[in-house]
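Mind the numbering: the sequence shown is residues 95 to 379 in this note's numbering, read in order. Cβ atoms here follow ideal geometry from the backbone N, Cα and C, with glycine treated the same way. Since the structure comes first, as structure tokens, the remarks are kept for the end.
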Amino acid sequence: MLLHKISEVREQVKEWKRQGLTVGLVPTMGALHAGHLSLIKKAVEKCDRVVVSVFVNPIQFCPGEDLDKYPRTLEADTKLCNDNGVSIVFAPTPNEMYGDGQMRTNDTLTYVIPPFFYVNTLCGKSRVGHFDGVCTVVNKLFNIVQPDYAFFGQKDAQQLIIIKKMVQDLNIPVEIVPCPIVREESGLAMSSRNKYLSEEDKKEALVLSKILNNIKTCYKKGITNVEALKETAFQFLNSHHDLEYLEFHDADNLEEKQIADANTRVFIACKVAGVRLIDNILLGE
Ligand code: PAF
């Protein structure tokens, strides 16, 4: 069932809750791919009813980012959801979510602001305000759907850590279910933004997973010094790649590491053919 109105979703969820059914939420921005499908399948397995939200959230895009050209494929997304046991596809307009059709700013809209320590690093450094927009919309979706479980991919590991922190700090009654990264056979992490890449670009984009896998191999061989592990990346980089960061952080609290251990997550962001891609790997897995 495709719904656009907050009130319609609330009414349906209220009925499910009355019947004692558990509700799962998979928040997405649409352009669904195999990564999203894995979240949906996990949600359908775990919950009696599943809501997938499809909303390209304008307030999490920074000026100059790809808000206007972000792929929008609602018809195909709805079919994928219907074919895979989803009860509701919730696709609100920006107007339905934020009112009056104007792009809201924090002068006029109540925002959920995650802690500075969690955002002043990795993607948050170049995408200033991005996680404010993410936390605000996810909090709104939690309030609208009131899910028992919400499913997020590890591909956006910083986002997942920040959302877990928000849930803990604001006592939101939802269990966050992290789901593993899904990769193409080549090793490329699935992402809606891969749609911007040509086949040639996709080969260049393998640089992210190659760097991460090589670091993990080196770690398993006994190298734990982060500077030494970072050094191993340079052999993979060429003029097609614009490395934004390669960093080592604690997988739970994002503290930066100088010496890697099993709970260290290695995070990479790199532009390939002008497309900003991210990936990460947990060393102890
Ligand atoms: O990961 C995403 O697709 C988005 O950041 C999310 C969580 C759906 C919020 O808009």
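Requested in this report: State yes or no: is the C-beta of Tyr243 within less than 8 Å of the C-beta of Cys141?
Outcome: Yes, Cβ-Cβ distance for Tyr243 and Cys141 is below 8 Å.
Query raised in the report: With distances taken between CB atoms, is the gap from Val103 to Val120 smaller than 8 Å?
Result: By the CB criterion at 8 Å, Val103 and Val120 fall outside the cutoff.
Report task. For the alpha helix (DSSP H) holding His130, just list the boundary residues, first then last. Result -> Membership of His130 in the alpha helix (DSSP H) is indicated by the continuous run 128-140.
Report task. Kindly list the residues whose CB is nearer than 8 Å to the CB of Cys175, restricted to its own chain and excluding five residues on each side of it in sequence; keep chain order. Result -> Cβ contact annotation for Cys175 (same chain, cutoff 8 Å, sequence separation greater than five): Leu126, Ile134, Val146, Val183, in chain order.
Query raised in the report: Which same chain residues, not among the five before or five after Lys289, have their C-beta less than 6 Å away from its C-beta?
Result: For Lys289, where only same-chain residues beyond five positions count, the Cβ hits under 6 Å are Pro165.
**Report entry** Check: Asn151 C-beta below 7 Å from any heavy atom of ligand 1
**Finding:** In this structure, the C-beta of Asn151 approaches ligand 1 to less than 7 Å from one of its heavy atoms.
Report task. Have a look at the DSSP bridge pairing and note the partners of Gly247. Result -> Bridge partners of Gly247 according to DSSP: Cys273.
Query raised in the report: Do Arg359 and Asn374 have their C-beta atoms closer together than 8 Å?
Result: In contact: Arg359 and Asn374 (Cβ atoms closer than 8 Å).
Query raised in the report: For the alpha helix (DSSP H) that Cys156 lies in, which residues bound it at each end?
Result: Neither: Cys156 is in no alpha helix (DSSP H) and is coded neither H nor E.
Query raised in the report: Quick one: what's got a C-beta closer than 8 Å to Phe442's C-beta in the same chain, skipping five residues either side?
Result: Residue 442 cannot be examined here, being either before or after the span of the chain that is shown, 95 to 379.
**Report entry** For Asn189, the three-state DSSP class (helix, strand or coil)
**Finding:** Residue state, collapsed to three classes: helix.
Query raised in the report: Under 7 Å from any heavy atom of ligand 1, does the C-beta of Pro274 make it?
Result: No, Cβ of Pro274 sits at least 7 Å from all heavy atoms of ligand 1.
Requested in this report: Mind checking who His224 pairs with in its DSSP beta bridge?
Outcome: The partner list for His224 (beta bridge, DSSP) is empty, contrary to what the question assumes.
**Report entry** Distance cut-off 7 Å: Thr122 Cβ against heavy atoms of ligand 1
**Finding:** For Thr122, the shortest C-beta to heavy atom distance toward ligand 1 is below 7 Å.
Report task. Using 7 Å as the cut-off, classify the Cβ of Asp295 as near or not near the heavy atoms of ligand 1, replying yes or no. Result -> No.
Query raised in the report: Using CA coordinates, which residue listed in Asp160, Glu109, Asp177, Pro208 is at the minimum distance from Leu131?
Result: Out of Asp160, Glu109, Asp177, Pro208, Asp177 has the C-alpha closest to the C-alpha of Leu131.
Query raised in the report: Leaving out five residues before and five after Leu235 in sequence, what residues of the same chain have Cβ atoms less than 6 Å from its Cβ?
Result: Once the five neighbours on either side are set aside, the close Cβ partners of Leu235 are Pro121, Ser147.
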